[in-house]
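Asker:
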Amino acid sequence: MFQKGQYIIYGSSGVCEVEDIGTMNMSGIPKGRLYYTLLPVYSNGSKIYTPVDNDKIVMRSVLSKEEAMERIEQIPEIEPLWVTDEKKREESYKEAMKSCSFENLIKIIKTLYLRKQSRMAGGKKLATVDERYLKMAEDSLYGELAISLNMKKEEMEQFITEHVEET
Numbered sequence: 005m006f007q008k009g010q011y012i013i014y015g016s017s018g019v020c021e022v023e024d025i026g027t028m029n030m031s032g033i034p035k036g037r038l039y040y041t042l043l044p045v046y047s048n049g050s051k052i053y054t055p056v057d058n059d060k061i062v063m064r065s066v067l068s069k070e071e072a073m074e075r076i077e078q079i080p081e082i083e084p085l086w087v088t089d090e091k092k093r094e095e096s097y098k099e100a101m102k103s104c105s106f107e108n109l110i111k112i113i114k115t116l117y118l119r120k121q122s123r124m125a126g127g128k129k130l131a132t133v134d135e136r137y138l139k140m141a142e143d144s145l146y147g148e149l150a151i152s153l154n155m156k157k158e159e160m161e162q163f164i165t166e167h168v169e170e171t
């Protein structure tokens with residue numbers, strides 16, 4: 005169970021702070037069932053109420069500073085997601101995003117970065133669906149790493165690029 009004040013990853017909502025843990029006094033909600041009250045870090049004004057025992061959405065602790073640095077060092081070894089079937093590409097991105105795993109986010113970013121380079125070389129833009137998943141993956145990854153490394157989300161892309169080039 006997570007603790008008040010702890011930062012966690014909550015599915016596609018990304019980094020959230022656990023504001024409270026307790027029961028909810030609402031009709032239709034089982035009495036005595038514990039809920040987290042989560043505050044999404046990067047979306048102001050919203051709150052999420054989810055059962056502590058929710059197994060439908062990925063909930064995990066944010067990486068520690070040490071884990072984050074280790075994972076950043078592993079980026080060059082992570083292979084892109086190569087999906088040759090255009091129709092299955094979005095499904096692969098969806099599944100990778102749902103997992104909320106560092107490695108899968110890197111796979112999406114690498115894949116779409118390479119795809120973008122290739123399409124630009126041919127005078128084409130990245131497809132809208134690819135742009136959307138690239139932004140979602142970057143937001144998710146940079147948001148978590150910013151919290152782990154006590155940095156600003158906007159600084160993460162450059163930090164990662166510089167760090168990966170050094171290794």
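Residue 5 is where the sequence shown starts when you use the working numbering, and the numbers rise one by one after that.
Cβ coordinates follow ideal geometry from the N, Cα and C atoms, glycine included.
1) I want to check one thing, is the minimum distance from the CB of K35 to the heavy atoms of the ligand PLP below 7 Å?
2) Does the structure place the stretch 33-47 close enough to the stretch 78-93 that three or more beta carbon pairs sit under 8 Å?
3) Flag this pair as yes or no: are the beta carbons of L85 and T54 separated by less than 8 Å?
4) With DSSP collapsed to three states, give me the class of I61.
5) Can you confirm whether the stretch 69-83 touches the stretch 106-125 when touching is taken to mean that 3 or more C-beta pairs between the two stretches lie within less than 8 Å?
6) Alpha helix (DSSP H) containing T115: first to last residue?
7) Considering only residues of the same chain and omitting the five flanking positions on each side of M28, which have a CB-CB separation below 8 Å?
8) Name the two residues that bound the continuous beta strand (DSSP E) containing E94.
9) How many Å lie between A150 and V22 at the Cα?
10) Using beta-carbon positions only, say whether Q10 and S68 come within less than 8 Å of one another.
11) Select from M30, M73, S50 the residue whose C-alpha is nearest the C-alpha of I145.
12) Taking V62 as the reference, which of Y117, G15, K157, I113 has the closest Cα?
Answerer: In this structure, then:
1) Only the bare structure without any ligand can be found here, which leaves the ligand PLP out of the picture.
2) Contact fails between the stretch 78-93 and the stretch 33-47, because fewer than three Cβ pairs, one in each stretch, are under 8 Å apart.
3) No, they are not a contact pair.
4) If DSSP states are grouped into helix, strand and coil, I61 belongs with coil.
5) These segments touch.
6) Judged by DSSP secondary structure, T115 falls within the alpha helix (DSSP H) whose first and last residues are 106-125.
7) Residues of the same chain with a CB within less than 8 Å of the CB of M28, apart from the 5 flanking positions on each side, are R37, Y39, Y53 in chain order.
8) No beta strand (DSSP E) holds E94; the alpha helix (DSSP H) holding it covers 90-103.
9) Distance from the CA of A150 to the CA of V22, rounded to the nearest whole angstrom, comes to 17 Å.
10) Result no, Cβ atoms of Q10 and S68 do not sit closer than 8 Å.
11) The question names Ile, but residue 145 is Leu in the sequence shown. Of the listed residues, the one whose Cα sits closest to L145 is M73.
12) Answer by Cα proximity: G15.
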